[in-house]
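Asker: Read left to right, the sequence shown gives residues 135 to 295 (my numbering).
The C-beta atom is built at its ideal place from N, Cα and C for all residues, glycine as well.
Keep in mind the model is a prediction, meaning the values are calculated, not measured.
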Amino acid sequence: MSSARIFADLKADHDRHRDLLARIGDIGSDDAKRATLFEEFRLDVTAHAAAEEESLYATMLAMPNLRDNARHSVSEHKEIDDFFGELADLDPASDAWSERFAAMRHRYEHHIDEEEEEMFPAAAEQLSAEEEARLARVFEARKPKELARAEAESAGGDERE
Ligand SMILES: [Fe+2]
Ligand SMILES: [Fe+2]
135 MSSARIFADL KADHDRHRDL LARIGDIGSD DAKRATLFEE FRLDVTAHAA
185 AEEESLYATM LAMPNLRDNA RHSVSEHKEI DDFFGELADL DPASDAWSER
235 FAAMRHRYEH HIDEEEEEMF PAAAEQLSAE EEARLARVFE ARKPKELARA
285 EAESAGGDER E
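1. Whole angstroms is fine: what's the gap from Ile214's alpha carbon to Phe172's?
2. With DSSP as the reference, label Gly290 as helix, strand or coil.
3. Helix, strand or coil, according to DSSP, for Glu295 in the structure here?
4. For the region 155-164 against the region 247-261, do three or more pairs of beta-carbon atoms, one drawn from each stretch, fall closer than 8 Å, so that the two count as touching?
5. With a cut-off of 8 Å, does the C-beta of Ala257 fall near any C-beta of chain D?
6. Nearest to Ala237 by CA position, among Leu155, Ser137 and Arg150, is which residue?
7. What do you get for Met197, buried or exposed, if any count of 16 or more other CB atoms within 10 angstroms of its CB means buried?
8. What I want to know is whether the C-beta of Ile246 ends up closer than 7 Å to one or more non-hydrogen atoms of ligand 2.
9. Measure the CB-CB distance between Phe254 and Ala185 and report whether it falls below 8 Å.
10. State the CB to CB distance for the pair Ala226 and Arg168, rounded to an integer number of angstroms; the pair is presumed to be in contact (CB under 8 Å).
11. Decide if the region 226-235 is in contact with the region 267-281; the criterion is three or more beta carbon pairs, one per stretch, under 8 Å apart.
12. Can you round the beta-carbon distance between Arg276 and Ser207 to whole angstroms, since I take them to be within the 8 Å contact cut?
13. Could you have a look at Asp223 and say whether DSSP puts it in helix, strand or coil?
14. So, are the CB atoms of Ala270 and Arg139 less than 8 Å apart?
15. Would a C-beta distance cut-off of 8 Å place His148 and Glu250 closer than the cut-off?
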């Protein structure tokens, strides 16, 4: 994969998400820490996906030979968000929650593996070093703002349907 900063930024988030998923998966369903760690994961993934769409995928969508890849990833973001909606309606101590969490984990790990193995290399082949540098600046500026927004939305009550 290209060593450009934008891809290093995205991969660093993915690695944090992999670590959180493993920790949540290892925690007993009776441990309240499970819900806390999951909320940390949910907020960071929500912000990551939004900032990823506002930087890399916005650019890929405008390029005819990268458009299909970008659409595929964006539709997977929607799928993951739908899982978050389902999980929000379940008790984190329940077997139903554990089952949906495992399904979401499988989908999300597939998503980030595919981004790293297919989407990012395809983009790296087409983007100039200048464009990659610009995308890193956009991503790094958007991520904290999207995180603040995700936190404000969850603090403001249930805005999901
Ligand atoms: Fe993604
Ligand atoms: Fe990603």
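Answerer: This is what the structure gives:
1. The residue labelled residue 214 in the question sits at position 80 within the sequence shown. The residue labelled residue 172 in the question sits at position 38 within the sequence shown. Distance between the alpha carbons of Ile214 and Phe172 is about 13 Å.
2. As a first step, residue 290 is located in the sequence shown; it is residue number 156 there, counting from the start. Residue state, collapsed to three classes: coil.
3. Position 161 of the sequence shown, counted from the first residue, corresponds to residue 295. A caution first: Glu295 carries a pLDDT of 47, below 50, which makes its placement in the model too unreliable to give a value.
4. Using a Cβ-Cβ distance cut-off of 8 Å, the region 155-164 and the region 247-261 are not in contact, since fewer than three pairs of beta carbons, one from each stretch, lie closer than that value.
5. Here chain D cannot be found, since the structure has a single protein chain.
6. What you label residue 237 is simply residue 103 of the sequence shown in a count that begins at 1. When only C-alpha atoms are compared, the closest one is Leu155.
7. Residue numbering aside, residue 197 sits at position 63 when the sequence shown is read from its first letter. By the 10 Å Cβ count, Met197 comes out exposed.
8. Counting from one through the sequence shown, the residue named residue 246 turns up at place 112. Yes - ligand 2 has a heavy atom lying nearer than 7 Å to the Cβ of Ile246.
9. As a position in the sequence shown, residue 254 is number 120, starting the count at 1. As a position in the sequence shown, residue 185 is number 51, starting the count at 1. No. Outside cutoff.
10. Mapped onto the sequence shown, residue 226 falls at position 92. Mapped onto the sequence shown, residue 168 falls at position 34. A small fix is needed here, since residue 226 is Pro in this sequence, not Ala. Contact flag correct, Cβ pair sits at about 6 Å.
11. Contact fails: fewer than three Cβ-Cβ distances are below 8 Å.
12. Residue numbering aside, residue 276 sits at position 142 when the sequence shown is read from its first letter. Residue numbering aside, residue 207 sits at position 73 when the sequence shown is read from its first letter. That belief does not hold up - the Cβ atoms of Arg276 and Ser207 are roughly 16 Å apart, past 8 Å.
13. In the sequence shown, the residue the question calls residue 223 occupies position 89. Correct three-state label for Asp223: coil.
14. On the sequence shown, residue 270 is found 136 positions in, with the first residue counted as 1. On the sequence shown, residue 139 is found 5 positions in, with the first residue counted as 1. Taking 8 Å as the Cβ cut-off, Ala270 and Arg139 qualify as a contacting pair.
15. By 1-based counting over the sequence shown, the position of residue 148 is 14. By 1-based counting over the sequence shown, the position of residue 250 is 116. Yes. Within cutoff.
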